[in-house]
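J.: To convert, take the position in the sequence shown, counting from 1, and add 67; that gives the numbering used here.
Note that the Cβ used here is the ideal one computed from N, Cα and C, for glycine as well.
None of these values were measured; they are calculated from a predicted model.
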Amino acid sequence: MKRIIIRFVVIGEAMEPKSLGIFDNYRVKKQLIHSSTSIATNLILVDEILRAGLSSLRPVIIDITVNASWIQHGVTVAGGYERGSATNQLNNPSGLFVDDDQTILIADTSNHRVIQWKIGDTNGQVIAGGHGKGNRSDQLNYPTDVLINKETDNLIVCDRENRRVARWSRRSGTTQGEIIFDNIRCFGLAMDDQRYLYISDNYKHEVRRYRIGDKSGTVVAGGQGQGDGFNQLNWPTYIFVDRQQNTYVSDTGNHRVMKWNKGATEGIIVAGDLSNNANDMNDIQSAEKILSIFDCVVEDTNPPIPQASKINFSSIPASPQQIKKSFENNTNASNNSKT
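1. Between Gly-199 and Ile-215, what straight-line distance do the alpha-carbon atoms span, to the nearest angstrom?
2. Please go through the same chain and pick out, in chain order, the residues whose beta-carbon is closer than 8 Å to the beta-carbon of Arg-262, but skip the five residues on each side of it.
3. Please state if the CB of Asn-208 and the CB of Gly-201 are separated by a distance shorter than 8 Å.
4. Who are the near neighbours of Gln-291 in its chain, counting only those whose CB is closer than 7 Å to its CB and skipping five residues on each side?
5. Find the nearest neighbour of Asn-190 within the set Val-287, Asn-159, Lys-326 and Thr-143, judged by alpha-carbon distance.
6. State yes or no: is the C-beta of Ile-306 within less than 8 Å of the C-beta of Ala-257?
7. Taking 8 Å as the threshold (C-beta atoms), are Ser-177 and Asn-155 in contact?
8. Among the candidates Asp-220, Ile-246, His-179 and Gly-294, whose CA atom is the shortest distance from the CA of Arg-238?
9. Distance check for Lys-185 and Val-232, CA to CA, integer angstroms please.
10. Which stretch, first to last residue, makes up the beta strand (DSSP E) that contains Pro-273?
11. Out of Val-337, Glu-228, Val-181 and Ile-266, point me to the one whose CA is closest to Lys-282's CA.
12. Would you kindly work out how many angstroms separate the C-alpha atoms of Ala-195 and Arg-227, rounded to a whole number?
13. What are the boundary residues of the beta strand (DSSP E) that Ala-145 is part of?
14. Shortest alpha-carbon distance to Val-308 belongs to which of Ile-247, His-272, Lys-326 and Asp-188?
15. Quick check on the DSSP output: the beta strand (DSSP E) that includes Gln-183 runs from which residue to which?
16. Short of 7 Å in beta carbon distance, which residues of its chain neighbour Asn-328, apart from the five on each side in sequence? Order them along the chain.
17. Between the alpha carbons of His-179 and Lys-271, how many angstroms are there, rounded?
18. Do Pro-210 and Val-181 have their C-beta atoms closer together than 8 Å?
19. Would a C-beta distance cut-off of 8 Å place Gly-162 and Val-213 closer than the cut-off?
20. Can you tell me the Cβ-Cβ gap for Asp-205 and Thr-242, rounded? I've got them flagged as a contact below 8 Å.
21. Looking at the structure shown, is Ser-177 part of a helix, part of a strand, or coil, going by DSSP?
22. Closest to Ser-411 by C-alpha separation, out of Arg-230, Val-224 and Asn-229, would be which residue?
23. Just grab the DSSP bridge partners of Glu-245 for me.
24. Consult DSSP for Asn-216 and reduce its assignment to one of helix, strand or coil.
25. How would you label Gln-183, buried or exposed, when you count the other beta carbons within 10 angstroms and need 16 or more for buried?
26. For Asn-221, which three-state DSSP category applies?
27. Compute the Euclidean distance between the alpha carbons of Asp-167 and Cys-253, then round it to the nearest angstrom.
28. So what's Thr-211 in DSSP terms, helix, strand or just coil?
29. Excluding the five sequence neighbours on either side, which residues of its own chain have a C-beta within less than 7 Å of the C-beta of Gln-31, listed in chain order?
30. Once DSSP output is grouped into helix, strand and coil, what is the label at Arg-310?
31. How is Thr-319 classed by DSSP in three states: helix, strand or coil?
32. With Thr-332 as the anchor, note down where its beta strand (DSSP E) starts and where it stops.
33. Bridge partners for Phe-164 per DSSP, in chain order?
34. Let me confirm a value: Gly-151 is counted as buried when at least 16 other C-beta atoms fall within 10 Å, else exposed. Which label applies?
35. Going by the DSSP bridge assignment, what does Ala-195 pair with across the sheet?
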């Protein structure tokens with residue numbers, strides 16, 4: 068019997084400011100939610116945007132009671148042996164995906180690879196890239212997100228610094244990827260249950276929806292240039308698409324999460340800064356709340372997990388500016404180390 072993947076969003080309570088960026092972490096952890104209600108017991112959460120992409124399952128959106136709280140100590144399921152390139156290490160992991168058998172796929176950004184961990188393994192398996200930074204068909208260049216198309220049994224990888232989205236077969240012996248979209252500065256990926264692929268482009272400040280084989284796509288969020296208007300985005304990163312094809316966007320530079328209903332020309336602020344006041348401790352800029360969907364693992368960022376008040380939106384413990392700066396700093400540092 069397949070385990071149902073449940074998706075939800077949590078509003079986290081603001082905590083003290085943190086200076087850590089999201090890319091200062093080298094392991095992935097699983098975190099349980101504790102609640103007095105049976106429906107919330109043993110749910111495994113991910114402090115990341117997860118996209119299930121399951122052919123036979125639909126995401127279920129639920130509420131968790133206000134007295135639900137996060138268990139404070141997670142269990143490391145990937146990495147945890149400091150920064151490095153060995154198969155038991157990670158280096159700036161970013162996007163991740165959990166399959167229905169709880170296999171964890173991680174965009175191991177600064178190792179320029181996608182690595183897979185099965186529950187209980189002490190070492191991961193490189194399944195895409197891993198041949199150094201580069202633009203050959205067997206290489207990746209700072210990948211930031213990954214998902215599985217269950218219908219074709221392929222990986223789809225956001226190969227960010229190569230400005231492309233690539234497809235890698237999951238068949239044993241696959242050593243090269245195939246470019247399916249190029250000239251796109253992608254950051255986040257999502258796939259709905261009709262097999263439309265959604266890609267955030269934080270240079271064009273938009274999210275597009277594609278049918279595989281369609282090269283142009285359709286703008287579903289943003290696309291009106293960089294800005295803070297309701298029809299604009301500013302450095303969008305992770306995305307989530309619900310059953311109605313509504314798109315939720317981590318609008319990183321605007322310190323907010325936006326919901327774009329299917330066919331809408333403007334978005335709705337559902338979490339974060341209503342006034343773009345970056346100093347407000349209660350907005351997303353203060354680092355404790357940002358778009359996050361889950362089932363299964365948490366990227367370890369050292370700060371304690373916030374208590375959940377209502378299941379609507381969760382947290383990445385780094386501000387949007389920190390995420391952007393940390394990514395760019397790590398990219399520059401890695402580039403400089405090669406010269």
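T.: To lay it out plainly:
1. If I take the Cα positions, the gap works out to 23 Å.
2. Sequence-distant Cβ neighbours of Arg-262 in its own chain, meaning closer than 8 Å and more than five residues away, are Asn-216, Glu-218, Arg-278 and Ile-279.
3. At the C-beta level, Gly-201 and Asn-208 come within 8 Å of one another.
4. Here the set comprises Asn-298 and Gln-299.
5. Asn-190 has its Cα closest to that of Thr-143, out of Val-287, Asn-159, Lys-326 and Thr-143.
6. In this structure, Ile-306 sits near Ala-257, with a CB-CB distance shorter than 8 Å.
7. Asn-155 is not a Cβ neighbour of Ser-177, given a cutoff of 8 Å.
8. For Arg-238, the closest alpha carbon among the candidates Asp-220, Ile-246, His-179 and Gly-294 is that of Asp-220.
9. One alpha carbon belongs to Val-232, the other to Lys-185, and they sit about 25 Å apart.
10. It should be pointed out that residue 273 corresponds to Glu in this sequence rather than to Pro. Per DSSP, the continuous beta strand (DSSP E) segment holding Glu-273 begins and ends at 273-278.
11. Among Val-337, Glu-228, Val-181 and Ile-266, the Cα nearest to that of Lys-282 belongs to Ile-266.
12. Roughly 14 Å separates the two Cα atoms.
13. From DSSP, the beta strand (DSSP E) with Ala-145 extends over 142-146.
14. For Val-308, the nearest C-alpha among the options comes from Lys-326.
15. From DSSP, the beta strand (DSSP E) with Gln-183 extends over 180-184.
16. Take Asn-328, set aside five residues on each side of it, and the residues of its chain with a beta-carbon closer than 7 Å to its own are Asn-313, in chain order.
17. Straight-line Cα distance between these residues: approximately 23 Å.
18. One thing to note: Pro-210 has its Cβ within 8 Å of the Cβ of Val-181.
19. Closer than 8 Å, so yes.
20. Between Asp-205 and Thr-242, the beta carbon gap of about 5 Å places them in contact (Cβ cut-off 8 Å).
21. The answer is helix: DSSP assigns Ser-177 an H, G or I state.
22. Because the chain spans 68 through 406 in this model, residue 411 falls outside it and cannot be assessed.
23. When beta bridges are read from the DSSP output, Glu-245 appears opposite Arg-234.
24. The answer is strand: DSSP assigns Asn-216 an E or B state.
25. Buried, since its Cβ has 16 or more Cβ neighbours within 10 Å.
26. It is a strand residue.
27. So the two alpha carbons sit approximately 25 Å from each other.
28. Residue state, collapsed to three classes: strand.
29. Outside the displayed range of the chain (68 to 406) lies residue 31, so it cannot be described from this structure.
30. If DSSP states are grouped into helix, strand and coil, Arg-310 belongs with coil.
31. The answer is helix: DSSP assigns Thr-319 an H, G or I state.
32. In this chain, Thr-332 is not harboured by any beta strand (DSSP E), its DSSP state being neither H nor E.
33. Phe-164 pairs with Leu-172.
34. Counting Cβ neighbours within 10 Å, Gly-151 comes out exposed, since fewer than 16 surround it.
35. Beta-bridge annotation (DSSP): Ala-195 is paired with Val-181.
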